[in-house]
Amino acid sequence: MCQTVICCRVTPLQKAQVVQLVKKYKQAVTLAIGDGANDVSMIKVAHIGVGISGQEGMQAVLSSDFSFAQFRYLQRLLLVHGRWSYIRMCKFLGYFFYKNFTFTLVQFWYAFFCGFSAQTVYEDWFITFYNMVYTALPVLGMCLFDQDVNDRWSLYHPQLYAPGQKNQYFNKKAFVNCVMHSCYSSLILFFIPWASMHDTVRDDGKEIADYQSFALLAQTCLLIVVYTQLCLDTYYWTAVNHFFVWGSMVAYFSITLTMCSNGMFYMFTSSFPFIGTTRNSLNQPNVWLTIFLTFLLCILPVVAFRFIFIQLRPTINDKVRYKMRTEELPVPAPRRLRRRHSTRSGYAFSHSQGYGDLVTSRKFLMKRSTKRAPLFTQTDSSIFQNQPQHYRTIAEEAEESQGHSP
Amino acid sequence: MMASSYNAKEEDGHHSGASSGTGLSKNKKPDNTAFKQQRLPAWQPILTAGSVLPAFFVIGLIFIPIGIGLYVTSNNIKEFEIDYTGVSSDSPCYNCAKNFTWNTTEPCVCTVNFTLLQPFESNVFMYYGLSNFYQNHRRYVKSRDDRQLNGDLSALTDPSKECEPYRKSGDVSIAPCGAIANSLFNDTLVLYYVDSNNSKIEVPLVKKGIAWWTDKHVKFRNPAGNSNLTLAFRDTAKPVNWAKPVYELDPSDPDNNGFINEDFIVWMRTAALPTFRKLYRIIQKKSGTTPTLPNGNYMLNITYNYPVLSFDGRKRMILSTISWMGGKNPFLGIAYITVGSICFFLGVVLLIIHHKYDNRNTSADIPS
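Those protein sequences? They're chains A and B, same order as listed.
Heads up: the first sequence at position 234 corresponds to 234 in our numbering, and the numbers run straight through without jumps.
Heads up: the second sequence at position 53 corresponds to 1053 in our numbering, and the numbers run straight through without jumps.
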């Protein structure tokens, strides 16, 4: 069955109807690209509308989601920027759910030990600052700058686009994985400090298993684990990422030290009751050994799992990233400069087998159909046979003497 | 089908040429800076065998000795614990526990005899421990006024609303207010050594130096203005369940009286878990090679003032030595040894997996 359908001499309404047909019956994500005012309805109907600004005015651009100047930029839009956006969004979602579930589930485990009285296991200020200050900028850095593969490699291997089409990076299964990971992390983050502080004292015999020291220990463990998880998720470390992550960690320790200082206590006595806690608990080797143990117990399984998956079932992404490190990208063939008039108007196209019969099923055409001789005698398209494609408009044939588009 | 890559800088003159008919054409091209074109120099780490496997082995090799050190240290700490709640009828404090009323004027004293099999060296710390006592209940934790405890005069006579219902006694404010202060632990424990002649020698117990320095000198202050604490607290009432007011906690030592009484400070530092211990007294080490607590028979005299049976709690007395990792807690040692071994074993497993499957990564071509 044909995989590509070309509709020509169609009205704007019919263009929109073709897109709607695919949306309705195939439940696919559709993209429509056009440059003229007659493409506006089609652009609006599609999930993603792309307008080309140029000779036919700005109508298409004004009604589109994305716009650029030349049709060939579509390749970059999809394979580079679209792919990166999808990856960043999925990483962001996965990480955001993870850090908040972990944070909340630790409180849940503590409920069993505080008489279910809703006593928080963290300090109140920490709860306020957790999402706003401590973990805000690092996530922002990851979502703005992360790239798994750089743009040239993305264009060289368009197969990397497939996971986005199949919705592989954030679906129900990924969400369940995230929740299970959070459960495991929260169990470690509560029960290791619990067991380590149970009936323990400082090295001079004084108290360390009090509520304030325990809260400080639990929150420090949580933050270090959450930062390290972000470090594992970030694949592209620019200077900005470094600044955000290490800066946030430094900010946590400075803010906590400030809030436990004498000065803040004298100024706002009721608001900062944790006076002296950092000085008395963070100088204990006991506490740092607990933090180190918790951090490793949470992170090492993640590293082991990822390594095993890379070894046993490497995805295309893993292979390309590995190739990127070891090989050089082959030099691209020089593109021949051509001057051509853009006489084509917008067109709807589909990308995989099965749409042909839908579009030619005449579900939207009026009943006036004339018999005409089949234009193509071939039944199998050359995509099927994995041969290079030749795309040309009728107008170009006159310009070129020979050659083919690569 | 392979999309060919191209040089983005080509054909850029085409666009401005097309729209130059309008005259002054603004170039809408974004800047070709590394930041805006997302080409910032970056470190791109990937998980290779060369980084992951050595990490696992190194962690395994570091953790096991640390774990062994922790475990040995914990085992060398000497600890002795005795439960004196008086639950069963053959325990010495059974009568005191059974006959407890809030109105007793005559304190009930019970005596527990025990034997230390090993001498305790260096400083020995005496703790009282409580079980099933939820000092971490939210209503309980909030029930205090830190400004009053810091010596603020306005808060002394007008404490915070959080202290309810232990805020006022009749019309007079309670100092110190709140449920935490009201439930102050008030058993008195005295330790005697019984030597071979059956004569009792009292073991000297030090009651200062048991609270955090920051608590004693910064967080808790007596109300200013009057060195005579009875006058300083004249407009306040004692907490409901206390036998004596706060300025009589330790009349012999003005540095340990009032809010800065160290037993009070230790109690006000609420515990995180329902089973906890708090430092009660310190037994200083003796000079020379004499052990602080030689092995032998001991007698513990308890003035039983604190009722715990109504909520199924337990009281105990603990004698313990201390090391650089604190009290006796074998958990960290065992955990480190376990994690170290698992890490090492996992490193071996990953090495085997890597050996068997590594060719996939390098030689397999990327399918189109």
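From the three backbone atoms N, C-alpha and C, an ideal C-beta is built for every residue, glycine too.
- Whole beta strand (DSSP E) elements within the region 1239-1283 of chain B, 3-residue minimum: 1276-1283
- For ILE1260 of chain B, which residues of its own chain have a beta-carbon under 8 Å away from its beta-carbon, when the five flanking residues on both sides are left out? Locating residue 1260 of chain B in the second sequence gives position 260, counting from the first residue. Same-chain partners within the cutoff: LYS1216, PHE1220, ARG1221, ASN1222.
- Item | Meets three-Cβ-pair contact criterion under 8 Å: the region 156-163 of chain A and the region 315-322 of chain A | yes
- Task: Express the C-alpha separation of VAL19 of chain A and TYR169 of chain A in angstroms, rounding to a whole number.
- Result: Stepping through the first sequence from its first residue, residue 169 of chain A is reached at position 169. Stepping through the first sequence from its first residue, residue 19 of chain A is reached at position 19. Here the alpha carbons of VAL19 of chain A and TYR169 of chain A stand approximately 26 Å from one another.
- Does any residue of chain A bring its CB to less than 8 Å from the CB of CYS1343 of chain B? Within the second sequence, the letter at position 343 stands for residue 1343 of chain B. Output row for CYS1343 of chain B: interface = yes.
- Starting from SER254 of chain A, trace the alpha helix (DSSP H) both ways and give me its first and last residue. Here the question's residue 254 of chain A lines up with position 254 in the first sequence. Judged by DSSP secondary structure, SER254 of chain A falls within the alpha helix (DSSP H) whose first and last residues are 239-259.
- Task: State yes or no: is the beta carbon of LEU1189 of chain B nearer than 8 Å to at least one beta carbon in chain A?
- Result: On the second sequence, residue 1189 of chain B is found 189 positions in, with the first residue counted as 1. No - not a single Cβ of chain A is within 8 Å of the one on LEU1189 of chain B.
- Near-chain B residues of the region 188-214 of chain A (beta-carbon distance less than 8 Å), N- to C-terminal order: Answer in chain order: ILE192, TRP194, ALA195, SER196, MET197, HIS198, ASP199, THR200, VAL201, ARG202, ASP203, ASP204, GLY205, LYS206, GLU207, ILE208, ALA209, ASP210, TYR211, GLN212, SER213, PHE214.
- Could you confirm whether any beta carbon from chain A is found closer than 8 Å to the beta carbon of ASP1031 of chain B? Taking the second sequence and counting its residues from 1, one reaches residue 1031 of chain B at position 31. Not one chain A Cβ lies under 8 Å of ASP1031 of chain B.
- Any idea if ILE6 of chain A is buried or exposed, counting beta-carbon neighbours within 10 angstroms, 16 or more meaning buried? Position 6 of the first sequence, counting from 1, holds the residue named residue 6 of chain A. When all chains shown are included, ILE6 of chain A counts as exposed.
- Message: Is there a C-beta anywhere in chain B that falls below 8 Å from the one on TRP125 of chain A?
- Response: Here the question's residue 125 of chain A lines up with position 125 in the first sequence. So, not an interface residue.
- Query: Near PRO12 of chain A, what residues of its chain come up, given a Cβ to Cβ distance below 6 Å and the 5 sequence neighbours on each side ignored?
  - Reply: Mapped onto the first sequence, residue 12 of chain A falls at position 12. The residues are ASN38, SER41.
- Min CB distance GLY164 of chain A to chain B below 8 Å: The count along the first sequence starts at 1 and reaches residue 164 of chain A at position 164. It does not: the Cβ of GLY164 of chain A has no partner Cβ on chain B nearer than 8 Å.
- Task: Answer with buried or exposed for CYS114 of chain A, where buried requires no fewer than 16 other C-beta atoms within 10 angstroms of its C-beta.
- Result: As a first step, residue 114 of chain A must be located in the first sequence, where it is residue number 114. Under this definition CYS114 of chain A is a buried residue.
- Query: Does the beta carbon of PRO1317 of chain B come closer than 8 Å to any beta carbon on chain A?
  - Reply: Here residue 1317 of chain B corresponds to residue number 317 of the second sequence, with the count starting at 1. The residue asked about is misnamed: residue 1317 of chain B is Met in this sequence, not Pro. Chain A, which has no Cβ nearer than 8 Å to the Cβ of MET1317 of chain B, makes this no.
- Item | Rounded Cβ spacing between TYR236 of chain A and ALA1042 of chain B (contact assumed at less than 8 Å) | Here residue 236 of chain A refers to the residue found at position 236 when the first sequence is read from its first residue. Here residue 1042 of chain B refers to the residue found at position 42 when the second sequence is read from its first residue. Their Cβ separation, rounded to whole angstroms, is 5 Å, which keeps TYR236 of chain A and ALA1042 of chain B in contact under 8 Å.
- Could you name the residues that DSSP lists as bridge partners for ASN262 of chain A? To locate residue 262 of chain A, count along the first sequence from 1; it is residue 262. According to DSSP, which records beta bridges pairwise, ASN262 of chain A is partnered with nothing at all.
- Query: Is PHE1331 of chain B close to chain A, meaning its C-beta is less than 8 Å from at least one C-beta of that chain?
  - Reply: Residue mapping note: residue 1331 of chain B aligns to position 331 of the second sequence, counting from 1. Yes, contact with chain A.
- Query: Any Cβ of chain B within less than 8 Å of the Cβ of THR360 of chain A?
  - Reply: Translated into the one-based positions of the first sequence, residue 360 of chain A becomes position 360. Closer than 8 Å: no.
- Of the choices A:GLN229, A:GLN119, A:CYS298, whose alpha-carbon is the least far from that of GLY94 of chain A? As a first step, residue 94 of chain A must be located in the first sequence, where it is residue number 94. Per the Cα distances, A:GLN229.
- Message: With three or more C-beta pairs closer than 8 Å as the rule, is the region 1104-1124 of chain B touching the region 1143-1156 of chain B?
- Response: Flag = no, the region 1143-1156 of chain B and the region 1104-1124 of chain B do not touch.
- Item | Length-filtered (4 minimum) alpha helix (DSSP H) runs lying within the region 1020-1097 of chain B | 1049-1076
- With GLU1262 of chain B and ILE1334 of chain B assumed to form a contact (beta carbons below 8 Å), what rounded beta-carbon distance in angstroms separates them? In the second sequence, counting from the first residue as 1, residue 1262 of chain B sits at position 262. In the second sequence, counting from the first residue as 1, residue 1334 of chain B sits at position 334. Actually they do not touch by this definition, with Cβ atoms about 34 Å apart.
- Query: Is the Cβ of ILE1352 of chain B closer than 8 Å to any Cβ of chain A?
  - Reply: Here residue 1352 of chain B corresponds to residue number 352 of the second sequence, with the count starting at 1. Chain A contact via Cβ: absent.
- Query: Quick one: is ARG1314 of chain B near chain A, going by C-beta distance under 8 Å?
  - Reply: Within the second sequence, the letter at position 314 stands for residue 1314 of chain B. For ARG1314 of chain B, the answer is no, since every Cβ of chain A falls outside 8 Å of its Cβ.
- What are the residues of the region 1266-1292 of chain B that lie near chain A, defined by any Cβ-Cβ distance shorter than 9 Å? Within the region 1266-1292 of chain B, the residues whose Cβ lies closer than 9 Å to some Cβ of chain A are VAL1266, ARG1269, THR1270, ALA1271, ALA1272, LEU1273, PRO1274, THR1275, PHE1276, ARG1277, LYS1278, LEU1279, ILE1282, listed in chain order.
- Message: When you compare the CB positions of LYS1078 of chain B and PHE1120 of chain B, do they come within less than 8 Å of one another, or not?
- Response: Position 78 of the second sequence, counting from 1, holds the residue named residue 1078 of chain B. Position 120 of the second sequence, counting from 1, holds the residue named residue 1120 of chain B. The answer is yes: Cβ separation under 8 Å.
- Message: For a contact defined as C-beta to C-beta under 8 Å, what are the partners of LEU1047 of chain B on chain A?
- Response: For the purposes of this step, residue 1047 of chain B is taken as the residue at position 47 of the second sequence. In chain order: VAL303, ARG306, PHE307, ILE310.
- Task: Name the two residues that bound the continuous alpha helix (DSSP H) containing TYR110 of chain A.
- Result: For this step, residue 110 of chain A is matched to residue 110 along the first sequence. Segment 83-111, the alpha helix (DSSP H) holding TYR110 of chain A.
- With 7 Å as the limit, tell me which residues of the region 251-267 of chain A have their beta carbon closer than that to any beta carbon of chain B; keep them in chain order. ASN262, PHE265
- Item | Buried/exposed call for LEU1149 of chain B, threshold 16 Cβ in 10 Å | The residue you call residue 1149 of chain B lines up with position 149 of the second sequence. With 16 or more other CB atoms across the displayed protein chains lying within 10 angstroms of its CB, LEU1149 of chain B is buried.
- Query: Cα-Cα, which of B:GLY1326, B:ASN1301, B:SER1310 is closest to MET1317 of chain B?
  - Reply: The residue given as residue 1317 of chain B occupies position 317 in the second sequence. Among B:GLY1326, B:ASN1301, B:SER1310, the Cα nearest to that of MET1317 of chain B is on B:ASN1301.
- Query: Mind pulling the chain A residues with CB within less than 8 Å of GLY1326 of chain B?
  - Reply: Taking the first residue of the second sequence as position 1, residue 1326 of chain B is located at position 326. In chain order: THR200, VAL201, ARG202, ASP203, ILE208, GLN284, ASN286.
- In this structure, does DSSP put LYS1207 of chain B in helix, strand or coil? The sequence position of residue 1207 of chain B within the second sequence is 207, counting from 1. Residue state, collapsed to three classes: coil.
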